[in-house]
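One structure is given here, and the rest of the page talks about it.
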Amino acid sequence: QIVENKLAACVNIVPKVISIYEWKGKIENDSEALMMIKTRTSRVDELIAFVKKNHPYEVCEVITTAVRNFIL
């Protein structure tokens, strides 16, 4: 839905990423999917709202980074 709703131009999904983290005082070790979403700065807030609304976790992680140069 992210691409279909024009929130991003492209989404890469990397399955079976192992994540180790602390949650509610306990160390967790889970297999998750990593999504790399390419969008415009003007769409970031809307995209984050979409991810928060649709993510199955109580708290999801969203990291943004600015890209200075890229090759098409």
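Residue numbers for the sequence shown follow the numbering used here, beginning at -12 and rising by one. Ideal Cβ positions, reconstructed from N, Cα and C, are used throughout, including at glycine.
Which residues does DSSP list as the beta-bridge partners of Glu15? Answer is Tyr8.
Return the chain-ordered list of same chain residues with a C-beta closer than 6 Å to the C-beta of Asn63, the five sequence neighbours on each side being excluded. No information on residue 63 is available, as it lies outside the stretch -12 to 59 that the chain covers here.
Cβ distance (whole Å) where Ala(-5) is taken to contact Ile24 below 8 Å: About 5 Å; that satisfies the 8 Å criterion.
Taking the alpha helix (DSSP H) that Val31 falls in, what are its first and last residues? Segment Val31 to Asn41, the alpha helix (DSSP H) holding Val31.
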